[in-house]
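**Q** So the sequence shown is numbered by this note's numbering: it starts at 68 and just counts up by one.
For glycine and all other residues, C-beta sits at the position ideal for the given N, C-alpha and C.
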Amino acid sequence: MSQPHILVKDEGRVRIITIDRPDRRNALTPVTVAEMESALREAADGSDIGAVVLTGSGGHFSAGGDVDHILDAAGGDDDAGLLTMMRAFHRVVVEIWESRLPVVAAVSGIAYGGGINLALVCDLVVMSADARICEVFVKRGIVPDVAGAYLLPRIVGMHRARELMMLAPEIGAERALELGIANVVEPDADAALATAVAKAHELAAMPDYTVALTKKLVNRSLDADLRGSLELEAVTQAAALRSKAAVEGFEAFRQSRGKGHR
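Here is the structure:
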């Protein structure tokens, strides 16, 4: 019986998903991403989990797509195997992007190709000081995948994205922080994971509904014009203001203001 490609651990209201293929530097296969997708969906479908942490075992986040699986898929008579593989990767991208749950990536060691792009899909990225990232695709004779060409220009700007994707330099965690790819850099992998888990607990302590709506607003803003974004804002805010959390929050504020606080 084959071993699972991920480990799942629930810590209170936080689910920690660990890519667990250390002998392959956590390289991604269709099985890996399908297991991730399932663990994410299961968490989002229930009410016990309020946030997710995505990380890798053995000191690395992920080396990207598994070369053996890529070559196997490319060895067919047509594109069917490759398209099936790519669509498996796309499903986990969409699952993270559209999930009601915030997802925090804890990145250490190698995060190359599809590995770093998987982290970019997440809502927050915490890196260890030893993290090394690279949009390595052009050096392998392929184009960026796992939503990299969609996300990276929106994070670092068009010219920086072209530089990172067309020249494919390896950059460290501090440079990633300067570019806005990372939110926080910690001294080592353990500290990065601890910070990611702490941030996930902070997120899980927020009202679930408003966190989900805020994530939706921010993600949709990337493609909407101002008027479209304002309309979505109006609809989601109206829904949020009718929630129990909003009513209780405003009532608590009103009572504290009556005691002389602003």
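Smallest Cα separation from V203: which of A216, L246, K266?
**A** Reading the sequence shown from its first residue, position 136 is the one you call residue 203. Nearest C-alpha to V203: A216.
**Q** Provide the residue(s) that pair with E253 in DSSP beta bridges, ordered along the chain.
**A** Locating residue 253 in the sequence shown gives position 186, where the first residue counts as 1. For E253, which the question treats as bridged, DSSP gives the partners S195.
**Q** Taking C-beta to C-beta, are H268 and G79 nearer than 8 Å?
**A** Walking along the sequence shown from the start, residue 268 turns up at place 201. Walking along the sequence shown from the start, residue 79 turns up at place 12. A contact, by the Cβ cut-off of 8 Å.
**Q** Using three-state DSSP, classify T12 as helix, strand or coil.
**A** The first residue shown for the chain is 68 and the last is 329, placing residue 12 beyond what the model contains.
**Q** I'd like to confirm something about V223: is its beta-carbon nearer than 7 Å to some heavy atom of the ligand HEM, or not?
**A** For the ligand HEM, the structure offers nothing, since it holds no ligand at all.
**Q** Would you list the one or two residues that DSSP bridges to S166?
**A** As a position in the sequence shown, residue 166 is number 99, starting the count at 1. DSSP, once it has assigned bridges, lists no residue as partnering S166.
**Q** Rounded to whole angstroms, what's the CA-CA distance from I84 to A301? Just pull it up for me.
**A** As a first step, residue 84 is located in the sequence shown; it is residue number 17 there, counting from the start. As a first step, residue 301 is located in the sequence shown; it is residue number 234 there, counting from the start. For I84 and A301, the distance between alpha carbons rounds to 34 Å.
**Q** Among V264, L231, G224, S195, which residue has its Cα nearest to the Cα of V251?
**A** Here residue 251 refers to the residue found at position 184 of the sequence shown. Closest by alpha carbon: S195.
**Q** Give the range of the beta strand (DSSP E) segment to which R82 is assigned.
**A** The residue given as residue 82 occupies position 15 in the sequence shown. Residues 81 to 86.
**Q** At which residues does the beta strand (DSSP E) containing D135 begin and terminate?
**A** Indexing the sequence shown from 1 puts residue 135 at position 68. Where D135 is concerned, there is no enclosing beta strand (DSSP E), although the alpha helix (DSSP H) it sits in stretches over 134 to 141.
**Q** Can you tell me whether DSSP reads S124 as helix, strand or coil?
**A** Here residue 124 refers to the residue found at position 57 of the sequence shown. In the structure shown, S124 sits in coil (DSSP, three-state: anything other than H, G, I, E or B).
**Q** In the DSSP assignment, the beta strand (DSSP E) including A178 goes from what residue to what residue?
**A** On the sequence shown, position 111 is the one that residue 178 refers to. Per DSSP, A178 belongs to the beta strand (DSSP E) from 177 to 179.
**Q** State the DSSP-derived secondary structure class of E78, mapped to helix, strand or coil.
**A** Numbered from its first residue, the sequence shown carries residue 78 at position 11. Of the three classes helix, strand and coil, the one that applies to E78 here is strand, per DSSP.
**Q** Determine the contact status of S166 and A111, defining contact as a CB-CB distance below 8 Å.
**A** Within the sequence shown, residue 166 is the residue found at index 99, counting from 1. Within the sequence shown, residue 111 is the residue found at index 44, counting from 1. Cβ distance < 8 Å, so S166 and A111 count as in contact.
**Q** So for V174, helix, strand or coil by DSSP?
**A** As a first step, residue 174 is located in the sequence shown; it is residue number 107 there, counting from the start. Correct three-state label for V174: strand.
**Q** Is A312 near T277, with beta carbons less than 8 Å apart?
**A** Within the sequence shown, residue 312 is the residue found at index 245, counting from 1. Within the sequence shown, residue 277 is the residue found at index 210, counting from 1. Yes, the Cβ-Cβ distance between A312 and T277 is below 8 Å.
**Q** Label E241 either buried or exposed according to how many other C-beta atoms from any shown protein chain fall within 10 Å of its C-beta, with 16 as the threshold for buried.
**A** Counting from 1 along the sequence shown, the entry for residue 241 is found at position 174. With fewer than 16 other Cβ atoms within 10 Å, it is exposed.
**Q** On the criterion of 16 or more Cβ atoms from any shown chain inside 10 Å, does I222 qualify as buried, or is it exposed?
**A** One-based indexing of the sequence shown puts residue 222 at position 155. The residue is exposed, with fewer than 16 neighbouring Cβ atoms inside 10 Å.
**Q** Quick one: grab the DSSP three-state call for I183.
**A** Position 116 of the sequence shown, counted from the first residue, corresponds to residue 183. Looking at I183 - three-state DSSP - the assignment turns out to be helix.
**Q** Less than 6 Å between C-beta atoms, sequence neighbours within five positions excluded: which residues of the same chain meet that for Q70?
**A** In the sequence shown, the residue the question calls residue 70 occupies position 3. Excluding residues within five positions, none has a Cβ falling inside 6 Å.
**Q** In chain order, which alpha helix (DSSP H) runs of at least 4 residues are fully inside the stretch 218 to 297?
**A** Correct list: 225 to 229, 240 to 246, 256 to 272, 275 to 288.
**Q** Could you give the DSSP three-state label for A147: helix, strand or coil?
**A** The residue given as residue 147 occupies position 80 in the sequence shown. It is helical.
**Q** Less than 8 Å separating the beta-carbons of V174 and V192?
**A** Within the sequence shown, the letter at position 107 stands for residue 174. Within the sequence shown, the letter at position 125 stands for residue 192. In contact: V174 and V192 (Cβ atoms closer than 8 Å).
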